[in-house]
Amino acid sequence: MSGELFTVGKSVAPIYGIEKATGELCFPADINLPNMLWMKIVRSPHAHARIVEVNGAAARRIPGVVAILTPDDVPKVLFGPYQEELYPLDQEVRFVGDSVAAVAAEDWNIAEAAARAIEVKYELLPAVLDAEAAIRPESPLAVAFMPEGVLARPGGGRPATAIDASSNVLRGLADRPTVVNARGDVAAGFLQSDFVVERVFRQSHVGAVSHEPRAGVAVYEDGQCTLWCSVQDPYRLQESVAQVLDLPMDSVRVVSTNLGGAFGVKVTGRFAILTALMARQTGRPVKVWFSREEESLDSHNRSALTHYVKAGAKKDGSLTAFEVRTFLDNGFWIGLGENIAQHICTRPMDLYHGCPNVKWEVFVVRTNHPTTGPYRGRADAESHFPIESVLDELAHAIQMDPIEFRLKNRLHAGDDLCSAPGKIMSTVWVEEAARSGAKAIGWERRSTIPAATPGPRKKGIGMALVIHSCGSNPAGTSEAEVVVDREGGILFFSGTPDQGSEQQTTLRQMVAEIFGVGLAEVHGDNADTSTCPFDSGPFSSRTVYATGIAACRAAQDAKKQVLDHAAMLLDRDAKDLEVGQGSVWARSEASRKLDLAEVARHAGGRISGKGIHNAKDDNLFAYGFAAAFAEVEVDVETGEVKILRLVSSHDVGRAINPMILDGQILGGAAQGLGYAMTEGFCFDPRTGTALNQWFLDLRTPSILDVPDIEAVVVELGEPTHPFGAKGCSEISYVGVAPAIANAIYNAAGIRLTELPMTPDRVLKALQEAKRSAA
Amino acid sequence: MDDQETHNITLKINGSVHRVDIDSNWTLNDVLRNRLDLTGTKRACDYGGCGSCTVLLDGVDVYSCSILAVEAQGKGILTIEGLGTKENLHPLQKSFALSYAAQCGWCTPGMIMSAKALLDRNPAPTEADVRAALSGVLCRCTGYTSIVNAVLEAASVMRGIP
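Sequences listed follow chains A and B, in order.
Heads up: the first sequence begins at 147 in the numbering used here, then just goes up one per residue.
Heads up: the second sequence begins at 111 in the numbering used here, then just goes up one per residue.
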């Protein structure tokens, strides 16, 4: 695209903004239907147990209780968001909070009381709560009774395989990691090193903490099931409901138009299937709505991780070797564990493509902690804290500027990729992001000597580079439809839910641009399986990129049909025609304008353009790059770290809507700040219970905790996207923790190796530094 | 719960009088959302942890999840539905809507109601005033900058400053 653009690149107001500000926007939890029942899920108090008996007799006696579903009452059909691996209810519970049974009652209050009154007899099984210990052959198993027929689907062209239930290591053993990324010879690499750093890093299991607790409302009538549900994957849910309820796909409708936050974790789950089953069982509408505790526990958040890292470099700044062993505490299910592991061990090694010797092993370990999944910054938030911390340490050791050291070893456009063999990136604007960010934070003010500030409150600046995908790999599928209706209206249909990123706004801006109209002229619908074409959902920052490509193709297809019909009506060659402002005209006769309505009527009343982006696409995905900067003040007496400023600098290709882009960058960075400083579930090591399931102790940042954050945007384009855009809704999360850790080192001369970086950990590191100095 | 008493209570919400049968342990949030279909008021926890359920009770911002419906009798309740409409937006609603201060929209009604209570008592707040006043409402999406700016913008508009 060239020349002056109409709406792309402009900060137009988001389409759902007014409805959000008036409270009129309808989320699944806001649906109340006549005669509706409320459902409550009975949850396991044990990390691991076999269900011996579920006795609903006492619950049934409570007035207003209508139906109970136990493991014996549900179809033994496997389903799941990533592979078929879950029964709607199972005979074994595998984490504190796992689903045991469900009860429906006349109101929410009765349902809750009934759930408490259901008596469950458990046979306790040994709980697996230490991922490292769990890889040993003598360890008890986190899943004692694996359902038959479960296949792991790792994706990326690798075949689905039966699950070996005899080890807790997913598709591996104690001496065989789930995934390995190897190149060169690490032993030889370390021999060539002038400096070698070895560290152990630990990161807490953190929650996405969407503020909308998951909800579902199901209606079952005459063999048709409709489900309004808080999921990012409505088409997968449609398929799962059809499988479990044994219905044809077109008898199931799922609507997930707007979600109150999702961040990657709101996927097809038991709660949704149980709501549909309960609606069929009772013949009445059924609503489920999670409590905060349920949203914390049954949510597929980011796993806890331990990384053993060894890295070496030469004095000239060349990286020589990386050797990493990672343990990912996956929870019991397969989920997306292997896929996340694959990206953990490859993507940072693509960013530092210059390092010739790599061995990175990841053990994806089944445990009896809550299940985990792809939360904002998937795989890269998991990997960047250790890698960027170690790089900072090496840069200090060889007395090289941390930015220059990183850039010396970085990926370039056209380099081969270990994260996607056979693919290359057409753009890598990482250096530009780093230099722009450095300028914004005032990098030149940074002391090259750590702990240079006199007195107890020490200031420092740190940074990290970031790579993150936009567009999933393996790729999902986005279909899009653009319609010109008989009134000349332009309608855009996409299957992707809007979880707050306002991607329908950005997608419609692209469609509007192609038709030469303002955003207000494009209407339509999203994430209703009965009206919208298929979409895998908004994951992996894929919407602006992958769904955007599909949307542009659909708009171009519709526009071509408009031009072809107008050419007949105007008796001109289609090549001589222009479309804009709801009309078509010939360049040579601009005064004679045909209304789009006339064109649509000539086409039979409706023009429909289709577009698709899927795994076969030449423009499969792109990588976004970023540089995160932090300025901190460390109080060496109290251990308190004050974040003075964050700068989040991004290679975005091109901004479709700068205001929305800025909002995503700032919001992601604020969430990354929580990961860095305060958040993380504390699990009781004996019982596996999360001790902090509530907002007050989840410690997500409040309005008083978030400092001044500056978003810096580098717009140098991305040729594989029609408007040059890359996705940018997750990447700002990733670099915050390592940038702050490196700033703390610059301020106080200590290395923080555990997330979150709480004051007690800072004090501990200070004491250790003092001891080793003495 | 079987020993809950049922009451018929009168609530004055957004200037209208509602008579509703309730159990004594239903919260104001339960009644607004589940009985009166005033679902603009959200719930994200159930214990005053996040503020997404904030409404005004006689002009004071309160957590509707932490007040029993029976306690709200005789008081003037203002919810987001009573603040403005699509056609006639309150300046706070307008500034939130246009500036992407409402990302997912779940905390938005609570933020706006808390900000309304602030602007009623302090029409010319500083940034620090806004942050202090809204510190009882959490947002997971924005990082808060756009929210603070939206409140300051609305305050200026309401004071007649262009």
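Every residue gets a Cβ at the ideal spot worked out from N, C-alpha and C, and that includes glycine.
Exercise. Which residues, in chain order, does the region 156-169 of chain B contribute to contact with chain A at a C-beta distance below 8 Å?
Worked result: D156, Y157, G159, C160, S162
For this session: Please confirm if N144(B) has its CB atom under 8 Å from at least one CB of chain A.
Result: It does; some Cβ of chain A falls within 8 Å.
For this session: Specify, as a first and last residue, the run of the beta strand (DSSP E) that Y769(A) falls within.
Result: 768-781
Exercise. CB I613(A) to CB D526(A), shorter than 8 Å?
Worked result: yes
For this session: Measuring only between beta-carbons, confirm whether G194(B) sits less than 8 Å from chain D.
Result: Judged by its chain identifiers, the structure shown contains no chain D, and its protein chains are A and B.
For this session: Using the Cα positions of G622(A) and H542(A), report the straight-line distance between them to the nearest angstrom.
Result: 41 Å
Exercise. If we ignore side chains and look at the alpha-carbon of each, how far apart do D764(A) and E469(A) end up?
Worked result: 33 Å
Problem set entry | DSSP three-state assignment for S176(B), whether helix, strand or coil | Reduced to three states, the DSSP call for S176(B) is helix.
Problem set entry | Endpoints, alpha helix (DSSP H) assigned at V536(A) | 526-543
Exercise. Does the beta-carbon distance from I187(A) to L420(A) come in below 8 Å?
Worked result: yes
Exercise. Any heavy atom of the ligand ADP closer than 7 Å to the Cβ of G410(A)?
Worked result: Inclusion of the ligand ADP in the displayed structure is not the case, the ligand content being empty and no account of it being possible.
Exercise. Along the region 127-140 of chain B, what residues have a CB closer than 8 Å to any CB found in chain A?
Worked result: D133, N135, W136, D140
Problem set entry | Chain-ordered chain A contacts of I190(B) [CB-CB under 7 Å] | T168, G169
For this session: Locate the alpha helix (DSSP H) running through V708(A), then write down its first and last residues.
Result: 694-716
Problem set entry | CB of I811(A) within 8 Å of CB of H796(A), strictly | yes
Exercise. Quick one, which residues of the region 199-219 of chain B are near chain A if we go by CB-CB under 9 Å, in chain order?
Worked result: L199, H200, L202, Q203, K204, S205, F206, A207, L208, S209, Y210, A211, A212, Q213, C214, G215, W216, C217, T218, P219
For this session: Please name the residue or residues paired with H446(A) in a DSSP beta bridge.
Result: Answer is none; H446(A) lacks a bridge partner.
Problem set entry | Best match in E278(A), S686(A), L393(A), V745(A) for proximity to C874(A) [C-alpha to C-alpha] | S686(A)
Problem set entry | Contacting residues, own chain, Cβ-Cβ under 7 Å from L142(B) (five flanking each side not counted) | L148, T151, S174, T189
Exercise. Taking a cut of 7 Å between CB atoms, which residues from the region 795-813 of chain A lie near chain B?
Worked result: M805, I806, G809, L812, G813
For this session: At 7 Å on the CB atoms, spell out the chain A contacts of D147(B), in chain order.
Result: What D147(B) touches in chain A: N178.
For this session: Look at the alpha carbon of I177(A) and the alpha carbon of A250(A), and state the distance between them as a whole number of angstroms.
Result: 17 Å
Problem set entry | Chain-order list of residues whose beta-carbon lies under 6 Å from that of Q707(A) (same chain, five-residue window excluded) | I753
For this session: Report all residues from its chain with a CB closer than 6 Å to the CB of E900(A); omit the five preceding and five following residues, and keep chain order.
Result: Counting only Cβ-Cβ distances below 6 Å, and skipping sequence neighbours, we find R348, R907.
Exercise. In the DSSP assignment, what are the bridge partners of V267(A)?
Worked result: Note that residue 267(A) is Lys in the sequence shown, not Val. K267(A) pairs with E199(A).
For this session: State the start and end residues of the unbroken alpha helix (DSSP H) segment that holds N144(B).
Result: Careful: N144(B) lies outside any alpha helix (DSSP H) and carries neither H nor E.
Exercise. Can you tell which of L653(A), N892(A), A774(A) has its C-alpha closest to the C-alpha of A857(A)?
Worked result: Minimum Cα distance to A857(A) is reached at A774(A).
Problem set entry | Beta-bridge partners of M185(A), as assigned by DSSP | A250(A), V434(A)
Exercise. Do you know whose CA, among L262(B), S205(B), S162(B), lies nearest C249(B)'s CA?
Worked result: S162(B)
Problem set entry | Close-in-space but distant-in-sequence residues of the same chain around A277(A) (CB under 6 Å, 5 per side omitted) | F473, D475, V511, T513
For this session: Name the residue from P174(A), L215(A), L270(A), N181(A) whose alpha carbon lies nearest to the alpha carbon of R196(A).
Result: For R196(A), the closest alpha carbon among the candidates P174(A), L215(A), L270(A), N181(A) is that of L270(A).
Problem set entry | Contact belief for P602(A) with N485(A) at Cβ below 8 Å, rounded distance in angstroms | So it is not a contact: roughly 46 Å between Cβ atoms.
Problem set entry | Closest by C-alpha distance to G192(B), when choosing among S245(B), G159(B), G246(B), K122(B) | It is K122(B).
Exercise. What residues in the region 385-418 of chain A bring their beta carbon closer than 9 Å to a beta carbon of chain B?
Worked result: Against chain B - using a Cβ distance shorter than 9 Å - the residues of the region 385-418 of chain A are N404, L405, G406, G407, A408, F409.
For this session: Under 9 Å between beta-carbons, which chain A residues line up against C175(B)? List them in chain order, please.
Result: Those do not exist, as C175(B) stays about 10 Å from chain A at its closest Cβ, beyond 9 Å.
For this session: Apply the 10 Å Cβ neighbour rule to R382(A) and answer buried if 16 or more other Cβ atoms are within range, or exposed otherwise.
Result: The residue in question, R382(A), is buried, as its Cβ has 16 or more Cβ neighbours within 10 Å.
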